[in-house]
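Enquirer: These protein sequence lines map, in sequence, to chains X and Y.
Under the numbering used here, the first residue of the first sequence is numbered 402, with each subsequent residue one higher.
Under the numbering used here, the first residue of the second sequence is numbered 989, with each subsequent residue one higher.
Even for Gly, the Cβ is constructed at its ideal location relative to N, Cα and C.
Just so it is clear, the structure is predicted and the values come from calculations on it, not from any experiment.
Sharing a structure with you now.
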Amino acid sequence: MSASAIFILDLKGKVLISRNYMGNMDMNEVDHFMPIMMRMEEDADSSPLVTHGSAHFLWIKHRNLYLVAMTKKNANAALVYSFLYKMVEVFKEYFKELEEESIRDNFVTVYELMDEVMDFGFPQTTDSKILQEYITQQGHKLDVGAPRPPATVTNAVSWRSEGIKYRKNEVFMDVIESVNLLVSATGSVLRSEIVGSIKLKVVLSGMPELRLGLNDKVLFEITGREKCKTVELEDVKFHQCVRLSRFENDRTISFIPPDGESELMSYRLNTTVKPLIWIESVIEKFSHSRVEIKVKARSQFKSRSTANNVAIMVPVPSDADSPKFKTSTGSCKYLPEKSVVQWNIKSFPGGKEYMMRAHFGLPSVESTELEGRRPITVNFEIPYFTVSGIQVRYLKIIEKSGYEALPWVRYITQSGDYQLRTN
Amino acid sequence: MTDSKYFTTTKKGEIFELKAELNSDKKEKKKEAVKKVIASMTVGKDVSALFPDVVNCMQTDNLELKKLVYLYLMNYAKSQPDMAIMAVNTFVKDCEDANPLIRALAVRTMGCIRVDKITEYLCEPLRKCLKDEDPYVRKTAAVCVAKLHDINAQLVEDQGFLDTLKDLISDSNPMVVANAVAALSEIAESHPNSNLLDLNPQSINKLLTALNECTEWGQIFILDCLANYTPRDDRESQSICERVTPRLSHANSAVVLSAVKVLMKFMEMLPKDLDYYGTLLKKLAPPLVTLLSAEPELQYVALRNINLIVQKRPEILKHEMKVFFVKYNDPIYVKLEKLDIMIRLASQANIAQVLAELKEYATEVDVDFVRKAVRAIGRCAIKVEQSAERCVSTLLDLIQTKVNYVVQEAIVVIKDIFRKYPNKYESVIATLCENLDSLDEPEARAAMIWIVGEYAERIDNADELLESFLEGFHDESTQVQLQLLTAIVKLFLKKPTETQELVQQVLSLATQDSDNPDLRDRGYIYWRLLSTDPVAAKEVVLAEKPLISEETDLIEPTLLEELICHIGTLASVYHKPPSAFVEGSRGVMHKRLPARTGSGESTESPDVGTAAGGSAPEAAPSIIPSQGDLLGDLLNLDMAPPTTSGPPPPTTGMQMGGMDLLGGGLDSLLGGDLGGSPAMGAGFGAAPAVMPASLNAPVGGGLGDLFDLGGGVGMPMGAYIPPKIVWLPAMKAKGLEISGTFARRAGVIQMELILTNKAMSIMTDFAIQFNRNSFGLAPAGPLQVLTPLGPNQTIEVSLPLSTVGPVMKMDPLNNLQVAVKNNIDVFYFSCQYPISMLFVEDGKMERQVFLATWKDIPNDNESQFQIKDCHLNSDAASSKLQGSNIFTIAKRTVEGQDMLYMSIKLSNGIWVLAELRVQAGNPNYTMTTIRRSGS
């Protein structure tokens, strides 16, 4: 169904650790993986799926590691990739960072985890909080205190254990919206998309039932309240804990939350909004002598909001030298390793416009390598503000012990994939 | 302190030292030693020599140590099968441990020890664990059954574990259900004939309930399993869809894709005019778009699948073009896939945007991507006629960039544009010719040569240009050589006076100096043509070429259907059926989309095939009850011939044997649209004997037809299809012979034609038209003969028919007058279609309605007749008739007589109700039919 075996390889293709789940394939097949990858790299080709004979390798890369799943059947590829990413997540929860060293330092735990998260190619429990309840890094005596599988593992509520206790019950919510923008070189907006996510930090005792109310347009239409400002969510994705059928029926978001931090939901909107930070640029390249760059940045949101940590990355030719800058605000830095000029503006209030000029020298002998026309990218974050206008109307918390709990909500908008093509 | 220290011992005599440590009395030392052994194993050292010593540590009270020893066992048991037996006792003991974690660990590890000798010792512990009180143990044991089955299938069957596994589908714990489903699916996949997953509405309901409660992975197992089910009718299909759609909101992309698979498959059964169908279409788009925000590898899988979905149901994403625009930092494999989908979605409405994007991409640096972008511009020109001009001018702009590979790619696509729009854009030829020298790729050179040859009369120096290629003739690739040969011959035919020498030269190069047989043969053919009959040569070489079709890279429909059933899997990523890349899957059933069958039985249901493949004795009734006055006419016509029933032809017996041998693998073949078993033919030997006196009485003729013809050919189970007969002999149609038949496939009436060209010249430009007829049959589309039909060539075409054409009563009633046109002339013929073709899939009447109607209809509309020599029992008869959309509504048994009540609906809305009386042991059936006019 999915993977016959899973390998963790270093950058040279050496197996650091592996687990043979089905025993139906030669484990040495993996030796063919790296040579194929090298050959593809030579051809400037790349694919997350490579084949050798009847063996198929599905791989992802994380830092200096390759995680490779091997199969010879018509495996569910989506499941395999999704599982590999989940493995990375679990290992990160256990070892802070997943890299060559952490695998080596914790190989016993890695083996234990690999044994628990997948059986015969079928992913099992992958919730790291629950795993941590019975796979720990200390040795155990069987007779005293050896862990038992928490009931949570097989429960319908497989993400939260019973008996959690806190003195003070609170929920912190972060509503984070990322703006993805693609603007053509002629200045027309090709794509503008908002990807939002609601993150939870749950500090609640027992098994609380939560209900989240948003100013969801569809919900308001059902209930007949149409006066308030609402948001039309194009697609919504929920954490395992949310009752999907209930949402499908009456748009109620009800759930028993996982303890600690988690992403409750994500959503997507295609409504075209005015680009929050608009960039106009002129990049003039005088072959063999110099490049002149003029960039104008304008903030197109209300003046009571402020964008923080704005960074505007403008591409320059890789053989440029002797940079000179002039800015009306903020500071500029040349990053030769990325071939960009980075213009930083600590605080950028709404309705303002700033300028930057840069000047680079070019060598008289031009490099033969053709350079792509890279886009200008922008990073920023605007606190206390959501572009979509989404609002948390309420978060009801009900637990049978009847405690009072406070929800805290924070809003932030940030740049996602924010690209403006250049000429 | 970290574990890395265990990797550091590398000195000689290490094994010996480890042996001593493993046998140490100190527990701590023992544990350290096992860790060192595992560390060595991890880095690939062979530590199998320590097997007995490590196994000795197995009986420990330290959980961590136990896990390590188990890990060691899994790795080395196979190389030390005799010693692996030593471990059995501990497994048996651990399976009874008080701690469920240990029990599960033991049963999990046990299954991974692939040593045949010890498997039988594991059966008892496994049996206990399958019934364990703790769900954690049960879910692990469920998977263990699949493991054991992989090692020794017979043992697992003998021990009855499969039944226990099936029982676990009803377990109270969702995780156990999910793992049982996964294990059963795995076993069923490797043993396609096992019929393990006999899904029925009850088990489906259980799965759908568990779907809401299990982990994300469990949801995928269940959804993938659901996708193998074929609902009985559109209502069941809809109710499953309704319960699956909430999964589209799951955060895990793999859950979403598996849900999409189920929906795409079951949607096939929903009538398109249903409101719910439209709702479902709308619900599918947003989650598909959101998949593009996932990690790149998942995006890639999603894009490959979207490519299939867009081909199957273009309406889902037709407004979402922009989301496929390429981002600068997309990995190249994502970029290329997005480009593919952009072309598929290109339409008149969005072409301007698409072109602007493609032009942008064509100036990037990534060579593969740029090439594909240029090619895409060409494909847009061919696909969207209104944009052709803009596309051509964009390509010209790109040629001006003089970037070598851009120019070459552009020339290749411009050739295709010329093929699609001849004599429209020749003005650009001059620009193309300027770039002749920079072409170094065979495909581009061949394309350029083709252009020069094709338009030789408009290029002043065509001879010079072609001559320049001739110099290095032998260094060219075959593709270029062939093209050059043809181009020069074309040139010669167009400008014979100046180019005689050139053509001589190329002919001798091709025939005398080449050892490539293709080239030589083509050279000789031209030579002979030119020397014997230049006029004929002109007709052949300069013949008008058929236009190229819009989309050349569409996946062939049956493959596409199969791939849709495999959404999310490797097959959908490779765009290849699993049988093409999975070893040992040759005999495995190809998955098919279900046919849309109203409330009727799905034609795919495998037991239809098997029931028919069984011992069908002599004859069964198949009934074409008919309707009213129209039918009276029909009766007249058809009832005359069939009175005898010969013995079944000998071939049927053999076909039957073949069926059994091939077993389930054939089911899909037979159970698909064609449906049913060839053996059935034998069963239909009987003919109706008693003819109702009244002309007005329905039933009979058509029925007899069904029986009679059925005896001759292997009558498919699904619906009756008469054998092909010659409708238009070649003599009467200047060499064109047409034979054909009618069939009802997946709810669509098809006219299936075989066109044979028995003349000497090429036939093109086929078209077909019908005269007005009794049931308003009309072609639902043009006759798909895309390539010209050469002499002695045959082509099979199937023409879908609609029943919304103009109506005129014909005599005989089922007569159809057809006109076929080709480049030579227009020909007329008439043919007769079997009335059963008009029986629609939703002809199953509600029981209550049936009862009321039966009572309501006056006796005048009733008629009775007998069917002789049918040896099928009533159930077999009923299932057989169902294949022809004659539905059994009820059955009762009175004094040893089975009474079947059936309904039929014709395409024009007329209902026919029938009662079939079958007496056990009496091969003669009595049939009573009544009719009711349409609603």
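How many Å lie between residue 419(X) and residue 1133(Y) at the Cα?
Expert: Using only the alpha carbons, I get a separation of about 23 Å.
Enquirer: Hey, quick one: how far does the alpha helix (DSSP H) through residue 1242(Y) stretch, first residue to last?
Expert: Where residue 1242(Y) is concerned, the enclosing alpha helix (DSSP H) stretches over 1241-1255.
Enquirer: Checking 9 Å against the spacing of the C-beta atoms, do residue 605(X) and residue 572(X) come in under that value?
Expert: A contact, by the Cβ cut-off of 9 Å.
Enquirer: Would you mind telling me which residues of chain X sit closer than 7 Å to residue 1100(Y), beta carbon to beta carbon, in chain order?
Expert: The contacting residues are 424.
Enquirer: So, under 8 Å CB-CB, residue 1924(Y) and residue 1003(Y) are touching, yes? Tell me the CB distance rounded to an integer number of Å.
Expert: Since the first and last residues shown for chain Y are 989 and 1923, residue 1924(Y) lies out of range.
Enquirer: Quick one: list the residues of chain X neighbouring residue 1320(Y), beta-carbon separation under 8 Å, in chain order.
Expert: Those are 445, 446 and 447, listed as they occur along chain X.
Enquirer: Output needed for residue 435(X): all residues of its chain with C-beta closer than 8 Å, excluding positions within five of it in sequence on either side, in chain order.
Expert: Within the same chain, residue 435(X) has close Cβ partners 410, 413 and 414.
Enquirer: Is the Cβ of residue 1378(Y) closer than 9 Å to any Cβ of chain X?
Expert: Not an interface residue.
Enquirer: Only counting the same chain, and skipping five residues up and downstream in sequence, which positions put a Cβ closer than 7 Å to that of residue 1831(Y)?
Expert: These residues qualify, in order along the chain: 1873, 1875, 1891, 1892 and 1893.
Enquirer: When DSSP builds the beta bridges, which residues end up paired with residue 1816(Y)?
Expert: Paired residues: 1807(Y).
Enquirer: Spell out whether any CB of chain X is found under 9 Å from the CB atom of residue 1179(Y).
Expert: Chain X, which has no Cβ nearer than 9 Å to the Cβ of residue 1179(Y), makes this no.
Enquirer: Taking only three categories from DSSP, how would you classify residue 1515(Y)?
Expert: DSSP places residue 1515(Y) in helix when its eight states are reduced to three.
Enquirer: Are the C-beta atoms of residue 1479(Y) and some chain X residue less than 9 Å apart?
Expert: Judged by the 9 Å Cβ criterion, residue 1479(Y) is not in contact with chain X.
Enquirer: Is the separation between the beta-carbon of residue 696(X) and that of residue 715(X) shorter than 9 Å?
Expert: Result yes, Cβ atoms of residue 696(X) and residue 715(X) sit closer than 9 Å.
Enquirer: Taking Cβ positions only, does residue 516(X) come closer than 9 Å to chain Y?
Expert: By this cut-off, residue 516(X) is an interface position.
Enquirer: Enumerate in chain order the residues of its own chain whose CB-to-CB distance from residue 1502(Y) is below 7 Å, with the five nearest sequence positions on each side excluded.
Expert: Cβ within range, chain order: 1508.
Enquirer: Determine the closest residue to residue 531(X) out of 521(X), 549(X), 520(X) and 523(X), with distance taken between C-alpha atoms.
Expert: Cα-wise, what sits closest to residue 531(X) is 549(X).
Enquirer: For residue 511(X) versus residue 487(X), is the C-beta distance shorter than 9 Å?
Expert: It is not a contact, given that the beta carbons lie outside the stated cut-off.
Enquirer: Residues of chain Y with a CB under 7 Å from the CB of residue 548(X): which are they?
Expert: Per Cβ cutoff of 7 Å: 1089.
Enquirer: Which residues does DSSP list as the beta-bridge partners of residue 1880(Y)?
Expert: Bridge partners of residue 1880(Y): 1887(Y).
Enquirer: Would you list the residues sitting across from residue 1755(Y) in a DSSP beta bridge?
Expert: 1809(Y), per the DSSP bridge assignment.
Enquirer: Can you tell me whether residue 801(X) is buried or exposed? The criterion is at least 16 other CB atoms within 10 Å of its CB, across all chains shown.
Expert: It counts as exposed.
Enquirer: Nearest-angstrom Cα distance between residue 1309(Y) and residue 585(X)?
Expert: Straight-line Cα distance between these residues: approximately 16 Å.
Enquirer: Residues of chain Y with CB under 7 Å from residue 450(X), in chain order?
Expert: Under the 7 Å cutoff, chain Y gives 1561.
Enquirer: Counting only beta-carbon atoms, is residue 1680(Y) nearer than 9 Å to chain X?
Expert: Note that residue 1680(Y) has pLDDT 34, beneath the 50 cutoff, so the model's placement of it is unreliable and no number is given.
Enquirer: Taking the beta carbon of residue 687(X) as the centre, do at least 16 other beta carbons fall within 10 Å, making it buried, or is it exposed?
Expert: Exposed.
Enquirer: Nearest-angstrom Cα distance between residue 1786(Y) and residue 1428(Y)?
Expert: For residue 1786(Y) and residue 1428(Y), the distance between alpha carbons rounds to 44 Å.
Enquirer: When DSSP labels each residue in this structure, what does residue 1729(Y) get in the three-state scheme?
Expert: Strand, per DSSP.
Enquirer: Taking Cβ-Cβ distances below 8 Å as the criterion, which residues of the segment 1145-1168 of chain Y are in contact with chain X?
Expert: Residues 1161, 1162, 1163, 1164 and 1167.
Enquirer: My assumption, with CB atoms under 8 Å, is that residue 1195(Y) sits in contact with residue 1214(Y). Please give the rounded CB distance.
Expert: At roughly 6 Å, the Cβ-Cβ gap stays under 8 Å, so residue 1195(Y) and residue 1214(Y) are in contact.
Enquirer: Nearest-angstrom Cα distance between residue 564(X) and residue 1109(Y)?
Expert: Roughly 41 Å separates the two Cα atoms.
Enquirer: Residue 669(X) lies in the beta strand (DSSP E); which residues open and close that run?
Expert: Residues 661-670.
Enquirer: Under 7 Å Cβ-Cβ, which residues of chain X neighbour residue 1873(Y)?
Expert: Near residue 1873(Y) there are no residues of chain X at all, since even the closest Cβ is about 35 Å away, more than 7 Å.
Enquirer: Looking at the structure shown, is residue 758(X) part of a helix, part of a strand, or coil, going by DSSP?
Expert: In the structure shown, residue 758(X) sits in a strand (DSSP, three-state: E or B).
Enquirer: What's the C-alpha gap between residue 1622(Y) and residue 1861(Y)?
Expert: Reliability of the predicted coordinates at residue 1622(Y) is poor, the pLDDT of 32 falling under 50, and no value is obtained from them.
Enquirer: According to a CB-to-CB cut-off of less than 9 Å, which residues of the segment 1326-1337 of chain Y neighbour chain X?
Expert: If the cut-off is 9 Å between Cβ atoms, the segment 1326-1337 of chain Y has nothing near chain X.
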